[in-house]
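4 protein chains.
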Amino acid sequence: MDLFLTGSSGLPIYRQLFDQLCAQILDGRLKSGDALPPIRAVAKELSISVIPVKRAWEELEAAGFIESFVGRGCFIAPMSAEKLQRLKASMAADKLSDAAAYCRSLGLSLAEAERLLSDAWASPGE
Amino acid sequence: MDLFLTGSSGLPIYRQLFDQLCAQILDGRLKSGDALPPIRAVAKELSISVIPVKRAWEELEAAGFIESFVGRGCFIAPMSAEKLQRLKASMAADKLSDAAAYCRSLGLSLAEAERLLSDAWASPGE
Amino acid sequence: MDLFLTGSSGLPIYRQLFDQLCAQILDGRLKSGDALPPIRAVAKELSISVIPVKRAWEELEAAGFIESFVGRGCFIAPMSAEKLQRLKASMAADKLSDAAAYCRSLGLSLAEAERLLSDAWASPGE
Amino acid sequence: MDLFLTGSSGLPIYRQLFDQLCAQILDGRLKSGDALPPIRAVAKELSISVIPVKRAWEELEAAGFIESFVGRGCFIAPMSAEKLQRLKASMAADKLSDAAAYCRSLGLSLAEAERLLSDAWASPGE
DNA sequence: GTGGTCTAGACCACG
DNA sequence: GTGGTCTAGACCACT
């Protein structure tokens, strides 16, 4: 459970946790069936209240990433490799679709957008 | 003045107004020298208080998109075609850069991202 | 805001509130654009904490029934009469679909299920 | 013993087991006199503790669906075909009665509800 | 004033 | 032990 919090992002705690768990599931660090640590343990480890942890877990469950069982704990949801792949593609597609819509609304052409994308790819973090 | 508010974005009202005005200036619906409606009229039309409208106008002025003259109203700031073009490209680049970073973090290749982008371009609003 | 709580149903408070608001929107007692009372006022009126009220409102927003604006309040979401009608039909269809699946799994015929349905219709609360 | 657990229903484990056994008895997959697997085997297969399995078995016995004999195991209780039929009808009637009440509260007519029911019957799992 | 987030506790049913 | 719900406060940005 590699989790950390930063105050500089401006994102609420529960969102940071959601994003990190989400990333760890999508990139395979967490696999189907893996047990998550109890929310109280996570809260204690991060020195925060259980509320933001619980909220992050809730949203992960609503998104189909995890399953929770009262009295038993929370587990990474069963997911086939193809479904995982499809999920990754669809989340990336969502992001790119937003950006595409914005670029179109600005009157850019697809070619221009593609050039900007490959530029951004070449120089990340710029 | 095509303006609307939505609760689903989670963005504060002043930000939604800022974004929409910004987009209308960048895509040419609003041109240099065009007059903006009085903030009270906008507030009335949207059934909100003048506070968020005023704040949006202030931030647009701080960003150099509009100019305000006490007693005369607010106007789209003069901007050369090249500057407008550069602004558009830089804002589009920001969006695409975000999306690119996300896709990279998911392990996608540039080619895959470009395919998703052109797919999104072909079927907008999907 | 005709809301009440009962301990005898076994349902959590937030669920009772959700169901009641939902019903009032679907049957027209609450109309598009209507403002909801502040969550703190509802909590006070019902002598409960704001937590369950907020949760009910959150789920109503997630379901598309209401929209919330920070600093401004919550409002019944804009919804055309047809959309409302479609929503009602789809919620009823969900319930009936569950029941249908259950009856099928028990080996009942459609005719038998329809007879049971009309029996239940004739003698409600039995 | 086709048993599975899901976190998405929100139902406690013992309830899910109870419901599934119940359904298998009512639809004939399990017949009077059939032996149930030992609770420890079920617990192991599902990777859970024996506690919820034991509780499910207890409630099935209390409901008259199974009989347990210390040292010999548990068996589906003898039940006449008519009694089974009556049970099925009454459980189906309960489900349909719930759905009927909900549809009525939404202002639907019986005819509309019957149409939705037959639609759901025609396209299950949709 | 509003809703959004969070703290620091509590009690409950479930395992 | 676990997660689910709730209380009674708090601070924040926004209106």
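Chains as they are written, first to last, in the working numbering: chain A, 484 to 609; chain B, 484 to 609; chain C, 484 to 609; chain D, 484 to 609.
Think of the CB as a built atom: it goes at the ideal place given N, C-alpha and C, for glycine as much as any other residue.
Handout entry: Where D/Val536 falls, given that 16 or more other Cβ within 10 Å makes a residue buried
Key = buried
Problem - Distance between A/Lys578 and B/Ala603 (C-alpha atoms, nearest Å) - result: 10 Å
Practice task
In angstroms with no decimal places, state the Cα-to-Cα distance between C/Leu486 and C/Pro521.
Solution key: 14 Å
Exercise for the section: Answer with buried or exposed for C/Ala582, where buried requires no fewer than 16 other C-beta atoms within 10 angstroms of its C-beta. Expected result: buried
Problem - the segment 556-565 of chain D / the segment 588-605 of chain D touching (three or more Cβ pairs under 8 Å) - result: no
Handout entry: Buried or exposed by the 16-neighbour rule on C-beta atoms within 10 Å, applied to C/Gly493
Key = exposed
Exercise for the section: Reducing DSSP to helix, strand and coil, say where D/Ala584 ends up. Expected result: helix
Practice task
Would you kindly work out how many angstroms separate the C-alpha atoms of C/Ser532 and C/Ala526, rounded to a whole number?
Solution key: 6 Å
Exercise for the section: Please work out which residues of its chain come closer than 7 Å, Cβ to Cβ, to D/Leu570, disregarding the five sequence neighbours upstream and downstream, and give them in chain order. Expected result: Leu509
Handout entry: Among C/Ala506, C/Trp540, C/Ser515, C/Ile496, nearest to C/Ala564 - alpha-carbon criterion
Key = C/Ser515
Handout entry: Those runs of the beta strand (DSSP E) which lie wholly inside the segment 555-585 of chain A and span at least 3 residues
Key = 556-559
Exercise for the section: State yes or no: is the beta carbon of A/Ala564 nearer than 8 Å to at least one beta carbon in chain B? Expected result: no
Handout entry: Beta bridge counterpart(s) of C/Ser515 as assigned by DSSP
Key = Per DSSP, none; premise fails for C/Ser515.
Problem - Buried/exposed call for D/Phe552, threshold 16 Cβ in 10 Å - result: exposed
Practice task
Kindly list, in the order they appear in chain C, the residues whose Cβ is closer than 7 Å to that of D/Gly490.
Solution key: Per Cβ cutoff of 7 Å: no residues; D/Gly490 is ~18 Å from chain C at best.
Exercise for the section: Determine, using beta carbons only, whether C/Glu550 and B/Gly490 come nearer to each other than 8 Å. Expected result: yes
Exercise for the section: Can you tell me which of B/Gln499, B/Asp502, B/Leu567, B/Ala506 puts its alpha carbon nearest to the alpha carbon of A/Ser588? Expected result: B/Ala506
Problem - Rounded distance between the beta-carbons of A/Leu504 and A/Leu543, thought under 8 Å - result: 6 Å
Exercise for the section: Starting from D/Ser601, follow the alpha helix (DSSP H) in both directions and report where the run begins and ends. Expected result: 593-605
Exercise for the section: Examine chain D for any beta-carbon lying closer than 8 Å to the beta-carbon of A/Ser530, and answer yes or no. Expected result: no
Problem - Rounded straight-line distance, which links the Cα of A/Ala546 to that of B/Ser592 - result: 25 Å
Problem - Contact list for A/Val553 against chain D, beta-carbon separation under 7 Å - result: Pro495
Handout entry: Distance CB(D/Leu500)-CB(D/Ala524) smaller than 8 Å
Key = no
Handout entry: Residue environment, B/Ile534, which counts as buried when at least 16 other CB atoms sit within 10 Å
Key = exposed
Practice task
Could you name the residues of the same chain whose beta carbon sits closer than 6 Å to that of B/Leu519, not counting the 5 residues immediately before and after it, in chain order?
Solution key: Cys557
Exercise for the section: With 9 Å as the limit, tell me which residues of the segment 507-529 of chain B have their beta carbon closer than that to any beta carbon of chain A; keep them in chain order. Expected result: Leu509, Asp510, Gly511
Exercise for the section: Going by DSSP, name the residue or residues bridged to A/Phe552. Expected result: A/Gly556
Problem - Nearest-angstrom Cβ-Cβ length linking A/Pro607 and B/Ala576, presumed shorter than 8 Å - result: A/Pro607 to B/Ala576, Cβ: 13 Å. No contact.
Handout entry: For C/Ile496, the three-state DSSP class (helix, strand or coil)
Key = helix
Exercise for the section: Could you give the DSSP three-state label for B/Phe487: helix, strand or coil? Expected result: coil
Practice task
Measure from the alpha carbon of A/Met484 to the alpha carbon of each residue in A/Gly554, A/Glu541, A/Asp517, A/Ala594, then state which is nearest.
Solution key: A/Asp517
Practice task
Kindly say whether C/Glu542, judged by its beta-carbon, lies nearer than 8 Å to any beta-carbon of chain B.
Solution key: no
Handout entry: Rounded C-alpha distance that separates A/Ala594 from B/Glu541
Key = 35 Å
Problem - CB contact check: A/Leu579 to chain B, cutoff 8 Å - result: yes
Problem - Residue-chain proximity (D/Pro607, chain C), Cβ-Cβ < 8 Å - result: yes
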